[in-house]
Amino acid sequence: MKYFVEQSKLALASCVLAVSCGLASVSASAADRITGHHFATRSEVMAPSAMAATSQPLATQVALDIMQAGGNAIDAAIAANAVLGLVEPTGNGIGGDLYAIVWDANGKRLHGLNASGRSPQSLSLDYFIENGYDAIPARGVLPISVPGAVDGWFELHNKFGKLPMAKVLAPAIHYAENGFPVTEVIAYYFERNAEVLKDQPGFAEVFMKNGLPPQKGKLFKNPDLANTYRLLAEQGRDAFYKGNIAKTIDAFVEKHGGFLSYDDLAKHSSTWVDPVSTNYRGYDLWELPPNTQGIAAQQILNILENYNLKEMGFDSPEYVHLFVEAKKLAFEDRAKYYSDPAFNEVPVQGLLDKNYAKQRAKLINMQRAGKSFEPGNPPTEGDTIYLTTADAQGNMVSLIQSNYRGMGSGVTPTGLGFVLQNRGELFALDKNHRNVFEPGKRPFHTIIPAFVTKDGKPLMSYGVMGGATQPQMHAQILINMIDFGMNLQEAGDAPRILHTGSSQPTGEVMTDGGVISLENGFSDHTRRELIKMGHTLQEAVGPYGGYQAIWRNHEEGVYYGASESRKDGHAAGY
């Protein structure tokens with residue numbers, strides 16, 4: 050992958066490239082541009098010293114401000130995440146969990162952080178069985194697990210941060226007190242979530258003042274969240290896990306019949322983990338191991354590496370079919386094996402074994418869609434936000450943070466200004482399942498940051514928010530760049546393939562082959578051929594994820610940034 054496609058090519062050369070990559074039949078989804086693929090919405094952002102890419106413009110600006118004030122990429126990532134918890138609570142907040150991959154420029158290595166929380170100690174599987182539950186509900190107090198994000202902030206800051214935490218959180222406190230204008234896509238998700246969550250304890254008091262959710266272009270203030278952030282700035286992480294915030298959460302959850310307690314919060318800790326990698330056509334993709342689903346992206350790529358995707362072409366039924374079948378195979382393993390490694394042995398290296406991938410690839414019928422697959426036997430040993438930042442010293446952060454479904458459980462403790470997550474919904478209730486609910490256990494997790502290196506050098510921090518969409522899009526972004534020659538922005542703007550209906554870590558089993566949704570831009574020919582192969586196609590609007598990325602051009606000493614055109618944010622640098 051030559052850093053992608055030359056940026057100075059003429060429009061004619063662009064057309065030639067589109068034909069050679071199999072893109073000639075893709076219809077434009079953005080205004081016509083004189084360079085690049087015609088679905089590209091904008092150019093890559095370039096800057097020599099620092100870069101930030103987030104899903105909301107104020108958060109991007111805050112990240113740059115923090116770095117210009119002497120902070121590093123880690124300080125900037127925490128500051129941006131705090132702002133996003135305010136301005137985009139439809140996807141994240143300090144009631145949720147966090148994962149991060151950090152390239153440490155001094156140590157010249159990657160570090161992984163699992164800042165996900167655990168289930169309440171006082172809640173048991175028997176409770177769900179005895180009360181007739183066949184699945185853990187999505188809303189209310191029962192799916193709440195310990196929020197890990199705040200501990201994640203302080204772990205990152207203690208290990209790598211430069212500025213005082215008070216300075217890092219100051220921009221978020223300012224906007225919470227003085228207000229910010231609600232952006233278009235976030236306003237849409239506010240309205241959708243409010244309809245579902247308006248009757249959950251405490252929700253309307255914070256997010257539906259005057260009976261309405263925050264509206265596009267209107268200033269929204271959250272003074273309760275400002276006070277919570279101020280406590281964190283002044284008293285540190287213990288204010289959340291052992292101080293007044295923890296006591297407030299305990300009392301509020303107990304009042305409404307829940308189980309998350311002060312003791313659960315006080316015992317919480319994050320875990321530093323080693324990221325795991327697979328090599329795809331010369332590039333190392335790094336993900337975090339379970340309880341996340343990151344290795345699913347690597348399993349997909351390991352299977353696809355056995356095929357010549359470039360020859361097939363981007364908008365071809367062969368490529369789309371092959372991608373979907375590889376995803377189905379990876380997700381069968383995801384459903385069986387991915388769980389909390391403190392409770393089960395997860396055969397990570399076996400799942401990423403190249404020979405294992407070749408065996409799994411043999412199960413794909415290139416003419417027919419598979420209706421069901423069994424999980425393999427790998428060799429064994431003895432609504433979300435994503436942001437990325439990079440600084441002048443070469444530090445890079447890939448960070449993802451979420452409440453899980455929409456605005457989480459909807460449960461909003463009085464006076465704190467944030468919603469508690471509903472990650473516990475992702476436990477299974479089958480006692481024989483690896484991901485079965487158990488006290489003090491981390492649930493299977495969907496949020497995954499990613500990082501790419503080549504020859505030991507940091508190249509790319511990226512992520513794509515959106516539940517089970519994420520590993521599919523992690524793989525597609527790299528395929529778009531490596532196999533189809535797209536640049537950093539085009540790789541995110543390109544029409545996406547989404548398969549749903551696979552077997553799940555919560556116990557559901559695929560028996561009908563699931564459903565493919567293709568974004569506008571895939572040809573009618575490709576759609577017809579997929580139907581002939583036995584695939585079920587279904588239109589879908591909005592579930593294709595939200596992408597941010599930073600690329601390091603080592604030769605020129607320049608950062609490239611790209612941001613999701615399907616969201617409100619942007620990339621910027623200096």
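Plus 49 on top of the position in the sequence shown (first one is 1) and you've got the working numbering.
Every residue gets a Cβ at the ideal spot worked out from N, C-alpha and C, and that includes glycine.
Since residue i and residue j are thought to touch, with beta carbons under 8 Å apart, how far apart are those beta carbons, to the nearest angstrom?
i, j, result
"L436", "T103", "4 Å"
"S447", "G343", "About 11 Å; that fails the 8 Å criterion."
"I185", "P192", "5 Å"
"G419", "E374", "6 Å"
"A620", "A101", "7 Å"
"Q105", "V136", "5 Å"
"D183", "L478", "7 Å"
"A126", "Q442", "A126 to Q442, Cβ: 14 Å. No contact."
"A112", "A128", "6 Å"
"L400", "Y386", "7 Å"
"A384", "S552", "4 Å"
"V397", "V501", "With 8 Å as the limit, V397 and V501 do not qualify as a contact, their Cβ atoms being about 19 Å apart."
"H305", "V460", "7 Å"
"I349", "A379", "5 Å"
Let me make sure I understand the geometry here. Which of the options has the alpha-carbon closest to that of residue i?
i, options, result
"N351", "Y623, V564 and A410", "A410"
"G161", "N155, L527 and I150", "I150"
"G362", "M535, V558 and D479", "M535"
"M514", "G562, E613 and T461", "E613"
"P520", "L159, P338, A96 and F252", "P338"
"V132", "P220, D312 and S319", "P220"
"F392", "H482, P462 and Y329", "H482"
"A108", "M95, H86 and G134", "G134"
"G331", "F229, I531, G556 and E233", "I531"
"L246", "Q538, G455 and A540", "G455"
"V255", "I294, A543 and L465", "L465"
"F355", "H86, D333, N404 and P366", "It is worth fixing the name first, because residue 355 is Asn in this sequence and not Phe. It is N404."
"Q408", "P427, I235 and W202", "P427"
"P366", "S388, D542, R417 and N328", "R417"
"G142", "N271, G562 and K265", "N271"
"V468", "P230, D273, F209 and M582", "D273"
"P492", "Y238, Q597, R472 and G307", "R472"
"T560", "H370, E394, F308 and H584", "H584"
"E204", "P554, H370, D312 and S319", "S319"
"N602", "A540, K503 and R286", "K503"
"G189", "F308, A517 and E423", "F308"
"G228", "W202, P213 and K267", "K267"
Is the Cβ-Cβ distance between residue i and residue j less than 7 Å?
i, j, result
"H548", "T341", "no"
"D364", "F177", "no"
"I599", "S510", "yes"
"E474", "A164", "no"
"M522", "G591", "no"
"A611", "A346", "no"
"Q470", "G251", "no"
"W646", "L159", "Absent from the structure is residue 646, since the part of the chain shown begins at 50 and ends at 623."
"E93", "Y608", "no"
"S98", "Y453", "no"
"I616", "V231", "The sequence as given places Lys at residue 616; Ile does not occur at that position. Not a contact, by the Cβ cut-off of 7 Å."
"K490", "D333", "no"
"D114", "V217", "no"
"A263", "F269", "Sequence inspection shows Pro at residue 263; the Ala mentioned does not correspond to that position. Going by C-beta atoms, P263 is nearer than 7 Å to F269."
"I449", "P498", "yes"
"A275", "A215", "no"
Under 8 Å Cβ to Cβ from residue i, same chain only, skipping five residues before and after it: list those, please.
i, result
"L586", "V564, I565, S566, L567, R576, L579 and I580"
"H317", "G166, R167, V195, G197, D200 and Y290"
"E604", "none"
"N293", "L280"
"T297", "P462, T463, G464 and L465"
"D81", "H87"
"M257", "A243 and K247"
"D312", "Q170"
Which same chain residues, not among the five before or five after residue i, have their C-beta less than 7 Å away from its C-beta?
i, result
"R279", "I222"
"S173", "P488"
"Y368", "L358, M361 and G362"
"L72", "Because L72 sits at a pLDDT of 38, beneath the cut-off of 50, its placement in the model cannot be relied upon, and the following sentence gives the value as read from the coordinates. Correct list, in chain order: H86, F363 and D364."
By Cβ distance, which residues of its chain are closer than 6 Å to residue i, with the 5 residues on each side in sequence left out?
i, result
"S78", "Confidence is the limiting factor: at S78 the pLDDT is only 49, short of 50, which leaves the residue's position unreliable and the question unanswerable from this model."
"N121", "K211, D440 and N444"
"T433", "G140, S451, I496 and M514"
"V54", "Low confidence applies to V54: its pLDDT is 35, below 50, so where it sits in the model is not reliable enough to give any reading."
Review point. Which runs of the alpha helix (DSSP H), 4 residues or longer, sit entirely within the segment 375-406?
Key: Runs of the alpha helix (DSSP H) spanning 4 or more residues and lying entirely within the segment 375-406 occur at 397-400, in chain order.
Exercise for review: Only counting runs of 3 or more residues, tell me where the beta strand (DSSP E) segments fall wholly within the segment 464-529, in order along the chain.
Suggested key: Runs found: 499-503 and 506-514.
Practice item. Quick one: which unbroken beta strand (DSSP E) runs of 3-plus residues sit fully inside the segment 125-172? Chain order, please. Key: Along the length of the segment 125-172, whole beta strand (DSSP E) runs at least 3 residues long occupy 146-153 and 158-164, reported in chain order.
Point to revise | Within the segment 225-289, ranges of the beta strand (DSSP E) (whole runs, at least 3 residues) | key: Counting only runs of 3 or more, we get nothing.
Point to revise | Runs of alpha helix (DSSP H) lying entirely within the segment 285-358, each at least 4 residues, in chain order | key: Whole alpha helix (DSSP H) segments, 4+ residues: 287-290, 293-304, 311-315 and 343-353.
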